[in-house]
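Everything below concerns the one structure shown next.
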Amino acid sequence: MKNDLLRDPVDHSPLTLEAGGLRSASGRLYPAACGGWDLRADADAPDPGPAVGGELGDFDYPHSLTLLHQRGLLERLPLKPGDAVLELGGQRSGVLAWLERHRGVHGVGVDIAPGWVALQNEASQARGGRSIWVIGDAERLPVADSSFRAIVAFDVFEHLGNLRAGLEECTRVLQPGGMFVCHMPVSDIRGSYDGYQRWTDAGAFAARAASLGHRHERLPSRLQMRTWLEQSGLQVLDTLNFNVWVQPLHDHHLIPALGRIRHRREKAQRPGLPPTVQVTASRSQRAYSTLALPLARALTAVDDMGALVGIGASCSYVARKP
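Residue numbers 0 to 321, in numbering that gives the first Met the number 0, belong to the letters of the sequence shown in order.
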């Protein structure tokens with residue numbers, strides 16, 4: 000893929016390809032890295048470490064209710080072949096792969112973790128994709144103004160130190176009429192299963208949330224997030240409450256338990272080797288998606304009722320740049 004969508008994250012000047020990396024008009028050299036480039040404005044930023052075992056989300060065979068919900072968000076994007084899409088956060092994400100297959104788009108992915116950037120670029124090259132991933136910061140996006148028809152950010156904004164700066168950057172790089180979709184946890188979780196966990200053991204709940212990088216004391220409420228989106232210049236079209244009761248029990252307890260069984264079997268077959276990262280759904284995941292997930296989805300009718308009255312520990316937003 001050409002680097003015409005990429006820009007210096009400091010001054011947004013064009014980048015020129017040369018041996019070893021991309022050089023900006025102001026003379027900064029961003030080195031080639033992980034199949035793309037290291038486009039972090041702060042070269043001394045800490046390395047989050049290598050990609051860990053797991054699987055990239057396969058939206059053709061979603062094995063969790065979260066993936067099924069997020070696929071519904073992707074299906075709402077009015078994209079056509081050749082459109083450019085920006086994805087923020089590549090950890091276990093299969094968004095660009097699915098949009099390439101079903102909409103014919105090409106994309107740029109930005110993630111702060113070199114391990115996941117390398118994995119995403121390897122997967123893109125293996126499938127003959129037109130997307131490229133770069134190491135970068137969502138608060139200082141290394142891409143051009145008004146260059147994308149859509150931005151997708153699933154479970155990303157809760158990890159930013161300056162969430163509002165990230166939203167302003169998204170507005171900057173969206174084309175007029177471009178779409179923005181995100182999914183993230185929120186702070187007002189009363190009435191949800193997460194709210195019940197916090198009520199029964201606040202310390203254990205805070206520890207689990209912190210292990211995922213979720214610090215509820217700094218998360219916005221669902222209304223505050225909507226307000227920040229609007230203040231950044233986006234028109235909010237829809238908000239969808241999620242993570243109510245059945246879904247977290249299924250996705251956060253049952254699915255990890257099944258995953259641990261699979262990883263123990265894999266470890267026995269590959270003693271001494273690190274866990275692998277799957278880039279497509281396994282046979283067992285495809286079977287689960289086809290046979291079991293429809294039953295789980297039927298049970299979430301009670302979640303749908305809770306979401307309608309404002310209950311949920313996370314929320315999805317669909318917005319547009321006027």
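Ideal Cβ placement from N, Cα and C applies to all residues, glycine included.
Computed from a predicted structure; not experimentally measured.
- If you keep only unbroken alpha helix (DSSP H) runs of at least 4 residues inside the stretch 125-205, you get 162-172 and 192-199.
- With a cutoff of 9 Å on beta-carbon distance, L239 and Y287 are scored as not near each other.
- Between G35 and V116 a beta carbon distance of about 6 Å is seen, short of the 8 Å cut, so the two are scored as contacting.
- Taking the C-beta atoms as reference points, L298 is found no nearer than 9 Å to M178.
- Between the beta-carbon of A96 and that of R126 there is about 6 Å, and that keeps the pair under the 8 Å contact cut.
- Using a Cβ-Cβ distance cut-off of 8 Å, the stretch 133-152 and the stretch 7-19 are in contact, since at least three pairs of beta carbons, one from each stretch, lie closer than that value.
- Between the alpha carbons of A306 and A312 lies a distance of about 10 Å.
- If you ignore the 5 residues before and after T65, its C-beta comes within less than 6 Å of the C-beta of D250, all in its own chain and listed in chain order.
- With respect to L4, S191 sits apart: the two C-beta atoms are not nearer than 9 Å.
- Every beta strand (DSSP E) stretch that sits fully inside the stretch 221-257 and reaches 3 residues is listed by chain position as 234-241.
- The beta carbon of L159 sits closer than 8 Å to the beta carbons of A137, E138 and G165 from its chain, once the five residues preceding and following it are set aside; these are given in chain order.
- Bounds of the alpha helix (DSSP H) holding E74 are L64 to E74.
- V185 is not a Cβ neighbour of V243, given a cutoff of 9 Å.
- Per DSSP, the continuous alpha helix (DSSP H) segment holding H101 begins and ends at V94 to R102.
- Looking from the CA of R39, the closest CA among P13, G19, G20 and I111 belongs to I111.
- Segment contact: the stretch 56-70 against the stretch 245-260, three or more CB-CB distances shorter than 8 Å; contact assigned.
- In the structure shown, the three-state DSSP call for Y60 is coil.
- The beta-carbon separation of D37 and I131, rounded to 13 Å, does not stay under the 8 Å limit for a contact.
- Under the three-state reduction of DSSP, S288 is assigned to helix.
- For C33 and A24, the gap between their C-alpha atoms comes out near 23 Å.
- Per DSSP, the beta-bridge partners of W36 are A31.
- Assigned with DSSP and collapsed to three states, A306 falls in helix.
- A buried status is given to M183, since no fewer than 16 other beta-carbon atoms sit within 10 Å of its beta-carbon.
- Per DSSP, H105 is one residue of the beta strand (DSSP E) stretching across H105 to D110.
- The DSSP-derived three-state label of P13 is strand.
- If you look at G20, you'll find it in the beta strand (DSSP E) that goes G20 to S23.
- Sequence-distant Cβ neighbours of I254 in its own chain, meaning closer than 6 Å and more than five residues away, are S63.
- Exposure of R259 is indicated by the presence of fewer than 16 other C-beta atoms within 10 angstroms of its C-beta.
- Taking 8 Å as the upper bound for CB-CB distance, D187 and R221 are in contact here, some 6 Å apart.
- The DSSP-derived three-state label of V317 is strand.
- Comparing alpha-carbon positions, the option among G128, F204 and C314 lying closest to P219 turns out to be C314.
- Judged by DSSP secondary structure, L87 falls within the beta strand (DSSP E) whose first and last residues are A83 to L87.
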